[in-house]
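If you count the sequence shown from 1, position 515 lands on 515 in full-length UniProt numbering, and the numbers rise without skipping. Beta carbons: idealized from backbone N, C-alpha and C, even for Gly.
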Amino acid sequence: MTTTTRGRRFGIRSQVLAVGAAGIVAAAAVGTVALTSLTTAGDRLDAVLELETALDVSRQIQTADADISGWQVAYAWDARRVGPLAAVDPTSVNRAGFVASSEALDATLAAMPREVLTAEEQSTYDQILSTWDDFFAADDQAVAAYALNTPEGTDAGDAVILGQVYDAYYQLLQMTADLHASLADRVDAETAAADAAQTRATWLVGIALALAVVVVLGLALWTSGRMVTALRRLRHSAVALASGDLTTATGVQRNDEVGDTAGALDEALGNLRSLMSSVVGSADAVGASSKELSASAAQIAESAGRTSAQSAVVSGSADEVSRSVATVAAGAEQMSASIREIAQNANEAARVAAEAVSEAESTNQTIQKLGLSSKEIGDVVKVITSIAEQTNLLALNATIEAARAGEAGKGFAVVANEVKELAQETARATEDIARRVEAIQHDTGGAVEAIGRIGTVIGQINDYQLTIASAVEEQTATTNEMSRSVAEAAGGTTEIAGTITGVSGAAESTTQALTQTRVAVDELSRMATDLRSSVAAFTY
Numbered sequence: 001m002t003t004t005t006r007g008r009r010f011g012i013r014s015q016v017l018a019v020g021a022a023g024i025v026a027a028a029a030v031g032t033v034a035l036t037s038l039t040t041a042g043d044r045l046d047a048v049l050e051l052e053t054a055l056d057v058s059r060q061i062q063t064a065d066a067d068i069s070g071w072q073v074a075y076a077w078d079a080r081r082v083g084p085l086a087a088v089d090p091t092s093v094n095r096a097g098f099v100a101s102s103e104a105l106d107a108t109l110a111a112m113p114r115e116v117l118t119a120e121e122q123s124t125y126d127q128i129l130s131t132w133d134d135f136f137a138a139d140d141q142a143v144a145a146y147a148l149n150t151p152e153g154t155d156a157g158d159a160v161i162l163g164q165v166y167d168a169y170y171q172l173l174q175m176t177a178d179l180h181a182s183l184a185d186r187v188d189a190e191t192a193a194a195d196a197a198q199t200r201a202t203w204l205v206g207i208a209l210a211l212a213v214v215v216v217l218g219l220a221l222w223t224s225g226r227m228v229t230a231l232r233r234l235r236h237s238a239v240a241l242a243s244g245d246l247t248t249a250t251g252v253q254r255n256d257e258v259g260d261t262a263g264a265l266d267e268a269l270g271n272l273r274s275l276m277s278s279v280v281g282s283a284d285a286v287g288a289s290s291k292e293l294s295a296s297a298a299q300i301a302e303s304a305g306r307t308s309a310q311s312a313v314v315s316g317s318a319d320e321v322s323r324s325v326a327t328v329a330a331g332a333e334q335m336s337a338s339i340r341e342i343a344q345n346a347n348e349a350a351r352v353a354a355e356a357v358s359e360a361e362s363t364n365q366t367i368q369k370l371g372l373s374s375k376e377i378g379d380v381v382k383v384i385t386s387i388a389e390q391t392n393l394l395a396l397n398a399t400i401e402a403a404r405a406g407e408a409g410k411g412f413a414v415v416a417n418e419v420k421e422l423a424q425e426t427a428r429a430t431e432d433i434a435r436r437v438e439a440i441q442h443d444t445g446g447a448v449e450a451i452g453r454i455g456t457v458i459g460q461i462n463d464y465q466l467t468i469a470s471a472v473e474e475q476t477a478t479t480n481e482m483s484r485s486v487a488e489a490a491g492g493t494t495e496i497a498g499t500i501t502g503v504s505g506a507a508e509s510t511t512q513a514l515t516q517t518r519v520a521v522d523e524l525s526r527m528a529t530d531l532r533s534s535v536a537a538f539t540y
């Protein structure tokens, strides 16, 4: 069975990948929004950090103002207290503190991130640097004055400090305060902007994430809904199929694997409906054929039974014919023995006749009686000749009867009995001839004048005896052939009886096989009925 594959434009894998791609795109969009927002917020925070650094530097500058001014006032007071020269000694405590604070101020001023300052702040910071230069220049003047170590120098130093230095100091305080205030305002503004950017980024990410979830979830629900609807139809059709209903089609038209499955299921249902119709037709045909086969088997079994019965009858008849042929064979054997005895007697008679010829020459006294005896011998010879002819005829009849032995065994027995009687009569005639010859021998003394005729007659007798012997030999050969034929007929009837017995056994075996066949046919009919019942459980 071949399944038609529908043209697929958007398969399940493609649909799932599309949902996944939509999720990836949504995630990328959310990430882009988040990255942009966070970058903006980060930039704001970086600006805040840089401004806070500048603000901290300005705060340190303010601290340095007070610190340096304090150390300066201290070493200026030392000029009055311990002397000006000692006051400006670099190793003195207050002067050393002033120098250290000045050096720290240089590091603080160098740490100011000027790139974050506005133009106004840059200007202010430049003024601060310039004012610090003025401050330290004035301090150098004061130190130089104090180093004179004179009252005038001390007064001059104090005047510088109270004049130029204080002016610079107060200017520094004001400018540093202004710079600090500006930076503080900017830090507050940037902090607020960073907080707003972070809040905005959070909202944007949340909104983008919500939109992405809605889009991806909607696409997933739409895709899964279409797929679930199709799968429910497939399940409905499959459940109907499981319950035996082959008429519920899926009704799914989709260009994906589910559509292919639905198409294959619809095609399978159609094929099953065709198959069920074919099975029902085949089951009905098998049921009808099994009934016809059962009836035919019953007829064959009946015929086989009759064949077996007739074979038994034929076997009995064949046995009877075989026994009859055996009897004929025995009679033929006896007849053959009698004929052989006749042949021997005929040969003996010929020998006696030859002796009679020689004795006739020496028995002239009995020649006259020999003539009468010779006449009687001629009569006896005629009888023997007649017997021989009848024997030949009977042998011919016996041959014919032997050919009919299968139909008339009794006729052959009669012929055999007649042959036997003729053989006995021939024996009696031969004995009579012997007596006649013996009488001739006794009377040969008085038959000298008839010696010639007696010799002639005896020669004729000798010829007849030879003829009889030859005929008897031929009869012997014929009888032997008849005996052989009868023996073969007996063997044939025995084989016929055996064959008929085999036919009877085969008929019985056929009857048994047909009985088993009827059982198998009945079982086949039952199976066809069961198959029809099973198919009836389906709706098609």
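Using the rule of at least 16 other Cβ atoms within 10 Å of the residue's Cβ for burial, across every protein chain shown, is residue i buried or exposed?
i	result
residue 70	exposed
residue 271	exposed
residue 256	buried
residue 84	buried
residue 154	buried
residue 65	buried
residue 470	exposed
residue 207	exposed
residue 201	buried
residue 165	buried
residue 400	exposed
residue 323	exposed
residue 239	exposed
residue 101	buried
residue 409	buried
residue 170	exposed
residue 203	exposed
residue 88	buried
residue 192	exposed
residue 493	The pLDDT assigned to residue 493 is 48, lower than 50, so where the model puts this residue is not dependable, and the model offers no usable value.
residue 393	exposed
Under the assumption that residue i contacts residue j (Cβ atoms under 8 angstroms), give the Cβ distance between them as a whole number of angstroms.
i	j	result
residue 104	residue 135	Going by Cβ atoms, the distance from residue 104 to residue 135 rounds to 15 angstroms, so no, they are not a contact pair.
residue 45	residue 194	5 angstroms
residue 528	residue 287	4 angstroms
residue 173	residue 128	Residue 173 to residue 128, Cβ: 10 angstroms. No contact.
residue 269	residue 234	Wrong, their Cβ atoms sit about 12 angstroms apart, outside the cutoff.
residue 139	residue 62	With a Cβ gap of about 19 angstroms, residue 139 and residue 62 do not count as contacting.
residue 283	residue 535	7 angstroms
residue 518	residue 298	7 angstroms
residue 216	residue 34	The Cβ separation is near 16 angstroms, so there is no contact.
residue 12	residue 280	Actually they are not in contact, since the Cβ atoms of residue 12 and residue 280 sit about 38 angstroms apart, beyond 8 angstroms.
residue 205	residue 37	6 angstroms
residue 47	residue 190	5 angstroms
For the alpha helix (DSSP H) that contains residue i, what are its first and last residues?
i	result
residue 213	166-242
residue 148	That residue, residue 148, is in no alpha helix (DSSP H); it is neither H nor E in DSSP.
residue 101	93-110
residue 84	84-87
Which residues does DSSP pair with residue i in a beta bridge?
i	result
residue 539	245
Residue i: beta carbon under 7 angstroms from a heavy atom of the ligand MN?
i	result
residue 495	Summarising the ligand content, the structure contains no ligands, and the ligand MN is consequently not present.
Item to check | Any 3 or more C-beta pairs closer than 8 angstroms across the stretch 91-103 and the stretch 157-166 | outcome: Not touching, per the Cβ criterion.
Item to check | At least three beta-carbon pairs within less than 8 angstroms, the stretch 223-235 to the stretch 44-60 | outcome: Cβ pair count under 8 angstroms is below three, so no.
Next on the checklist: For the structure I just gave you, are there three or more beta carbon pairs, one from the stretch 212-219 and one from the stretch 23-43, closer than 8 angstroms?
Outcome noted: Below 8 angstroms, enough C-beta pairs join the stretch 212-219 and the stretch 23-43 to call them touching: three or more.
Item to check | Three or more C-beta pairs below 8 angstroms linking the stretch 110-123 and the stretch 182-191 | outcome: Contact between the stretch 110-123 and the stretch 182-191 is present, because at least three Cβ pairs lie under 8 angstroms.
Next on the checklist: Under 8 angstroms, with one C-beta from each stretch per pair, do the stretch 107-119 and the stretch 135-148 reach the 3-pair mark?
Outcome noted: Taking one beta carbon from each stretch, the stretch 107-119 and the stretch 135-148 have fewer than 3 pairs nearer than 8 angstroms; the two do not touch.
Checklist entry - Is it a yes or a no for the stretch 231-250 touching the stretch 57-67, going by three-plus beta-carbon pairs under 8 angstroms? => result No: fewer than three Cβ pairs fall under 8 angstroms.
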